[in-house]
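>
Number of protein chains: 2
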Amino acid sequence: MIQKYVYGTPFETEAVTVQMEAVCGAPAYGDISLENGFCFTCLLDAEDVVYGLGEANRGINKRGYRYISDCTDDPEHMEDKSSLYAAHNFIVISGTQTFGLFFDYPSRMTFDVGYTRMNTLTVTCENADLYLYVIEGKTPYEIVKQLRRIIGRSYIPPKFAFGFGQSRWGYRTKEDYREVAKGYRRNHIPVDMIYMDIDYMQDYKDFTLNEENFSDFPAFVQEMKEQNIRLIPIIDAGVKVEKGYDVYEEGVKNRYFCQREDGSDFVAAVWPGDTHFPDVLNPEARAWFGDKYKILTDQGIEGFWNDMNEPAIFYTPEGVQRAEEIVKEFFQDTQGKVSFFEAKDAVLGLSNNKEDYASFYHQANGRQIRHDKVHNLFGYNMTRAAGEAFERINPEKRFLMFSRSSYIGMHRYGGIWTGDNKSWWSHILLNLKMMPSLNMCGFLYTGADLGGFGADTTRDLLLRWLALGVFTPLMRNHSAMGTRDQECFRFEGVEDFRHIIGIRYRLLPYLYSEYMKAALSDDLYFRPLAFVYPEDPHAVQVEDQLMLGDEMMIAPVYSQNAAGRYVYLPEEMKFVKFLPDGSLHEEILPAGHHYVKIALNEVPLFIRKGKCIPLADFAECVAALDTEHLTMIGYPSSAYIMYDDDGVCKDYDNPSNRRILEFV
Amino acid sequence: MIQKYVYGTPFETEAVTVQMEAVCGAPAYGDISLENGFCFTCLLDAEDVVYGLGEANRGINKRGYRYISDCTDDPEHMEDKSSLYAAHNFIVISGTQTFGLFFDYPSRMTFDVGYTRMNTLTVTCENADLYLYVIEGKTPYEIVKQLRRIIGRSYIPPKFAFGFGQSRWGYRTKEDYREVAKGYRRNHIPVDMIYMDIDYMQDYKDFTLNEENFSDFPAFVQEMKEQNIRLIPIIDAGVKVEKGYDVYEEGVKNRYFCQREDGSDFVAAVWPGDTHFPDVLNPEARAWFGDKYKILTDQGIEGFWNDMNEPAIFYTPEGVQRAEEIVKEFFQDTQGKVSFFEAKDAVLGLSNNKEDYASFYHQANGRQIRHDKVHNLFGYNMTRAAGEAFERINPEKRFLMFSRSSYIGMHRYGGIWTGDNKSWWSHILLNLKMMPSLNMCGFLYTGADLGGFGADTTRDLLLRWLALGVFTPLMRNHSAMGTRDQECFRFEGVEDFRHIIGIRYRLLPYLYSEYMKAALSDDLYFRPLAFVYPEDPHAVQVEDQLMLGDEMMIAPVYSQNAAGRYVYLPEEMKFVKFLPDGSLHEEILPAGHHYVKIALNEVPLFIRKGKCIPLADFAECVAALDTEHLTMIGYPSSAYIMYDDDGVCKDYDNPSNRRILEFV
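Protein chains in written order, with numbering that gives the first Met the number 0: chain F, 0 to 663; chain W, 0 to 663.
1) What beta strand (DSSP E) runs, 3 residues minimum, are completely inside the stretch 4-83 of chain F?
2) May I have the straight-line CA-CA distance separating W/ASP644 from W/TYR651, to the nearest angstrom?
3) If the cut is a Cβ gap below 8 angstroms, which residues of chain W does F/LYS421 touch?
4) Quick check on F/TYR356: does DSSP put it in helix, strand or coil?
5) Taking the DSSP output, what are the residues bridged to F/CYS124?
6) Nearest to F/ILE709 by CA position, among F/VAL373, F/LEU604, F/SER338, is which residue?
7) Could you round the C-beta distance between F/VAL647 and F/ARG397 to whole angstroms and report it? I think they count as a contact, below 8 angstroms.
8) Could you check whether the Cβ of F/GLN485 sits closer than 7 angstroms to any Cβ belonging to chain W?
9) Using a cut-off of 7 angstroms between C-beta atoms, extract the partners of F/ASP455 located in chain W.
10) Using a Cβ cut-off of 7 angstroms (strictly closer), state whether W/ALA562 contacts chain F.
11) Please report how far the alpha carbon of F/TRP304 lies from the alpha carbon of F/ASP543, in whole angstroms.
12) Would you report the Cα separation of F/LEU429 and F/VAL556, rounded to the nearest angstrom?
13) Kindly indicate if chain F contains any beta-carbon less than 7 angstroms away from that of W/GLN201.
14) Does the stretch 288-306 of chain F touch the stretch 377-396 of chain F, meaning 3 or more C-beta pairs lie closer than 8 angstroms?
15) Are any of the Cβ atoms in chain W nearer than 7 angstroms to that of F/ASP459?
16) Return helix, strand or coil for F/TRP464, following the three-state DSSP convention.
17) Of the residues that make up the stretch 401-434 of chain W, which ones have a beta carbon closer than 9 angstroms to any beta carbon in chain F?
18) Span of the alpha helix (DSSP H) holding W/GLY250?
19) Are F/LYS608 and F/GLU571 closer than 7 angstroms when you measure CB to CB?
20) Check whether the Cβ atoms of F/MET117 and F/VAL279 sit closer than 7 angstroms, and answer yes or no.
21) Residues of the stretch 318-336 of chain W with a CB closer than 7 angstroms to any CB of chain F: list them in chain order, please.
22) Counting only C-beta atoms, is W/LYS343 closer than 7 angstroms to chain F at any point?
23) Which same chain residues, not among the five before or five after F/ALA209, have their C-beta less than 8 angstroms away from its C-beta?
24) Do W/LYS158 and W/VAL539 count as a contact pair if the criterion is CB distance below 7 angstroms?
25) As a quick exercise: from F/THR95, F/MET192, F/ILE392, F/PHE340, pick the residue whose alpha carbon is nearest that of F/LEU473.
26) On a CA-only basis, which of W/HIS76, W/GLY94, W/SER81, W/ARG177 is nearest W/VAL49? Give me that one, please.
27) F/PHE313 versus chain W: which residues are under 7 angstroms apart at the beta carbon?
28) Leaving aside the five residues before and after F/LYS516 along the sequence, list all residues of the same chain whose C-beta is less than 6 angstroms from its C-beta, in chain order.
29) At a Cβ threshold of 7 angstroms, is W/ARG747 touching chain F?
30) Taking just the CA atoms, how far does W/GLU341 sit from F/VAL240?
31) I need the boundaries of the alpha helix (DSSP H) containing F/TYR176, first residue and last residue.
32) Below 8 angstroms, can you find three or more Cβ-Cβ pairs linking the stretch 562-570 of chain W to the stretch 77-84 of chain W?
33) With burial defined as no fewer than 16 other Cβ atoms inside 10 Å of the residue's Cβ, what is the status of W/LEU33: buried or exposed?
34) Would you mind telling me which residues of chain F sit closer than 9 angstroms to W/HIS592, beta carbon to beta carbon, in chain order?
35) I'd like the span of the beta strand (DSSP E) that includes W/ILE553, first residue to last.
36) Name the residue from W/GLY299, W/ASP264, W/GLN145 whose alpha carbon lies nearest to the alpha carbon of W/GLU225.
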């Protein structure tokens, strides 16, 4: 059962798609105070688990830290970071009392999940203007499914998007892209997409192509497609301020950009230098911005990634003025009243500054609203702009779309990647832990930058991370300019990369099938073990294994120089390792704790007792995948219902998409 | 067997105390090239393990990353950091070939341990002026002990230093210290030391006391001592430039400070603003600086910590000038040729700048040498200044001394703490992994800032970290200004802190005994499992358990919200948990893999088969510890040789210090 409560005058985020009447009175759980903004408090028992928060730091169980929903472009995801790129205000308390809470509030919100005191959950925000959805159910899993039912169907990408993609910030020319394509194809390492980071644009102008490097772009898109490789360009939030640039000119003319209080267009410097932000909360401006994607789809592009849409700000003219005074004073007298640390903070504080976010406005829901009051909706509505436009561009066709920043509701229009992570072993585990939490909040098409975006990777880190990425719907290797080359073919022993990425393709019939089933029934693709084995007290604690669909459990290795790992089996399972010679190691393991050996070039998975999964032959791209001749693995005398379709159209409910595969 | 090789004209670091003849020819292992500086290369087999590097990032097995010996004040110890505060150039390759290498080279040195190619170890430095010690032995453990024998006996602190200490950057007044003392004593949480961070000084001037806050300091030292609490002040490397300040005046007059090429005293801004660095590589200046510690020992102080001695530099006048030009150009034209990132880097690059380190000089070994050529020796020689002075101040007495920066050789004069870590769960594990590596390099008195220095801690993180800190010789809770209060009594449920820290004191007879045995026989206090069970192939991989002395294995919990952990037993052991009610859970576990439950308020340890350890009653300070009435735990029908002494004098070889305790 879901009950909706209204406090103050909430902003209509359209996160929830089902019309619901609000109820009066106080929720049956916790205490709410409206004395100082909004505050929800409840006590937690020692064993209670708190799930949710989607793209957030730390564990599947969120207990023990303080999380702040405040979409932030901060690429340093250490353990103490409270805000990442997204705001997903859904939590489930599971234990003595079991209930879910969705706080539909688009500005900064703090979740103190036993941080200040270990036994207290406190959720606070500055303005008591929000909808609170209180969800009751027997289990956290049931509660999650109820939320999913009211927020609308999750985004479904085209099937090619389940292939492997290569990305790097720094590819500039056609030759750069050809080299990457050749590196993969010549080494027979499967690949389906190459991502175009910001350098493909002319001066970082959205919807343009670098004139020197990309003459006759449609022909180049076609050249790549002939190799079964799709180019996936990035789109940034900020529109370059440049006389004569049509997007800029139209936006200014039609007042489609966010404005200062005085009505002038707000200026924020990002990659192109000075930019304006399209007011994606204004439906008219959103439609206008969305239609721009057609410039690229008309040239053969079938997918995009939306970036910098927290929106990130490097600095503003106003901010520079504030900082300049402080820094100059330090330079004038380094032993004077402005300390080195103040000067440093002034420079560092230029970016993503609160004052800047409080100095521009949207036209939304028929009124003017200050950006900081709806900050967490920007990435959502930028991606919605694209998603709504795709329906106009070609309503029959699926486009690939994922975003960096997001809010619940955006899951209907696109996926997300988990942002600018690092080449850290700990980020394999963070990747894993985020997956079920994101699924709970509706984000099914998601994954991390495999190998790590920032910092220098190592061959073993990339291999181990790929062995997790094999299972995430979005499987992409992405790295930052200035870091070590990270394309798989740059390392010694390319056969190991071919093998591991090859497993992705061999498993694709199962992975795609489970993705589609989850999306079409508002279910989870990844589940915490506790959702499947709620009666197992140890399963609740497992933070480094996941259930994938109804048949599989995964347990990747995430420690350097480890030859294996511990794994907990809540029930008997078949342990399957894909060995580098193409054969399978299969072993039935009883319920309980095990140490299993997993070499650097092996991919492990576990098949639940009495279940089976289909396996295709190795293929170098999704188009080459033979989904008719499948091998079944797992427990004999079982069957699997496989979903499949053409991967392009939206004919999801066609009964012929489902067939029963028997494993005799 | 140890063979010494000479390349070029090495700087005499005095890391090695034994006189050895150099041999001619090439080492029996690897290849050395002197074409471009110095380069040692050898191939690694897949299963080879590389030990060593002391205070370095990542694992006990150093394979898979690139480490740079370049003492650096950088408090952000993420996985990708290559340089921490120390330079410990000793590694052991264990596997197909087993040998050790100590590169006695005091400048920047790079260890590529399978980073560029997984099967290649490369050690490089710019100048081919070094001693290389090649050590042969049957096992890595034997090789380590051989190194230890040539670098001299490890520092031995007074016994009180094995108690628990509380620290925080931000204590200012006597009242602050009294409040901390009271917080511990009233709550009966044991404590022996309170550390004085930089604010006790007058304007951050070394060897001064804040005039307003510390009138009659000797009386205050005494007041604390009456509560069995010792005050341990910090000493920073930089001496404030201030007319009339005696240390400054003497240093200038006697030319004891590091100088620029033109002979002027080099200026670096640190906490006090502009400072000069005492030239601790110059024996005369070192003696002069060391004697200054007497100013504080005369007031009753018995221990110190040396900080900022990489040496850290916030900025220099020359650096400010360089940065100012860049930053001003950005401010003048934010869309111009200097980008925001260049301006930001210019400001961030002010600190610990290479150009600055190459712009001042030492007078050492009778010649002038540029600082960057001997950079890694500064902390070593600052601590040596103190250690040598203590011998003059009171040759019979042990003083507490530990340092942030270090080089092998410094282990004879003091311990180290592992620098400014963070309140991250991953830093519990990093703490654990550093311990045996540091021991290998001679540093026995060592530990991390428990609870984490930077960032906000949580109660559970602190409890879990303390349960590791119970076993580290240096056991200190330390936190940074601006972070959450971290003293144990600030949290709910103080009884859990009393219990866990109490276990430290109950174990002290064993811990002190094992420390002294290790120090007196050039052995390790903490050993990797592989050193004790070299024939066990799984033991080699264990990176989250340690052997402590000959009787014990430790395996702390380092994951949030975990109710226990996996542990590997190479042989049968007795699993002991100290329960919060004061009782013990004792359970014999067979060799193999286990999952053991360990609650947040429990301390686990494992006693090896056939061994026993002594246990004292709870005490609130070392002085109150009853080491006569001990309980034995472990395997009956065994005995333990306990070392004990008065904890103050240096009468180490007195046979009465050792007694046999039988467990019938």
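Where a beta carbon is used, it is the ideal one built from N, C-alpha and C, also for glycine.
In terms of the structure at hand:
1) The beta strand (DSSP E) runs lying completely inside the stretch 4-83 of chain F and spanning 3 residues or more are 30-32, 37-42, 48-51, 64-68, given in chain order.
2) Rounded to whole angstroms, W/ASP644 to W/TYR651 spans 7 angstroms at the Cα level.
3) Within chain W, the residues placing a beta-carbon under 8 angstroms from that of F/LYS421 are MET77, GLU78, ASP79, ordered along the chain.
4) Note: F/TYR356 maps to helix in three-state DSSP.
5) F/PHE37, F/MET108, per the DSSP bridge assignment.
6) The structure shown does not extend to residue 709 of chain F, since chain F is modelled only from 0 to 663, so the question has no answer here.
7) About 6 angstroms; that satisfies the 8 angstroms criterion.
8) Interface with chain W (7 angstroms Cβ-Cβ cutoff): F/GLN485 is excluded.
9) Within 7 angstroms Cβ-Cβ: ASP79.
10) Look at W/ALA562: its C-beta is under 7 angstroms from a C-beta on chain F.
11) If you take the alpha carbons of F/TRP304 and F/ASP543, they lie about 28 angstroms apart.
12) Approximately 13 angstroms, taken between the alpha carbons.
13) No - not a single Cβ of chain F is within 7 angstroms of the one on W/GLN201.
14) With the rule of 3 Cβ pairs closer than 8 angstroms, the stretch 377-396 of chain F counts as touching the stretch 288-306 of chain F.
15) Chain W, which has a Cβ nearer than 7 angstroms to the Cβ of F/ASP459, makes this yes.
16) Residue state, collapsed to three classes: helix.
17) Of all residues in the stretch 401-434 of chain W, LYS421, SER422, TRP423, TRP424, SER425, HIS426 have a Cβ within less than 9 angstroms of some Cβ in chain F.
18) Taken as a continuous stretch (DSSP letters only), the alpha helix (DSSP H) holding W/GLY250 covers 245-252.
19) Yes; because the gap between Cβ atoms is below 7 angstroms, this pair is in contact.
20) Result no, Cβ atoms of F/MET117 and F/VAL279 do not sit closer than 7 angstroms.
21) Correct list: VAL319, GLU323, VAL326, PHE330, THR333, GLN334.
22) Closer than 7 angstroms: yes.
23) According to the sequence displayed, residue 209 of chain F carries Asn and not Ala. Counting only Cβ-Cβ distances below 8 angstroms, and skipping sequence neighbours, we find ARG171, ASP198, TYR199, MET200, GLN201.
24) It is not a contact, given that the beta carbons lie outside the stated cut-off.
25) With distances taken between CA atoms, F/LEU473 lies nearest to F/MET192 out of F/THR95, F/MET192, F/ILE392, F/PHE340.
26) Taking only the C-alpha atoms, the option nearest W/VAL49 is W/GLY94.
27) In chain order: PHE339.
28) For F/LYS516, where only same-chain residues beyond five positions count, the Cβ hits under 6 angstroms are TYR642.
29) This structure does not reach residue 747 of chain W, given that chain W is present from 0 up to 663, and the question cannot be answered.
30) F/VAL240 and W/GLU341: Cα-Cα distance of roughly 22 angstroms.
31) Its alpha helix (DSSP H) spans residues 173-185.
32) Contact fails: fewer than three Cβ-Cβ distances are below 8 angstroms.
33) Under this definition W/LEU33 is an exposed residue.
34) By Cβ distance, chain F contributes TYR565, HIS592, HIS593, TYR594.
35) For W/ILE553, the enclosing beta strand (DSSP E) stretches over residues 551-553.
36) Nearest of W/GLY299, W/ASP264, W/GLN145 to W/GLU225, Cα basis: W/GLY299.
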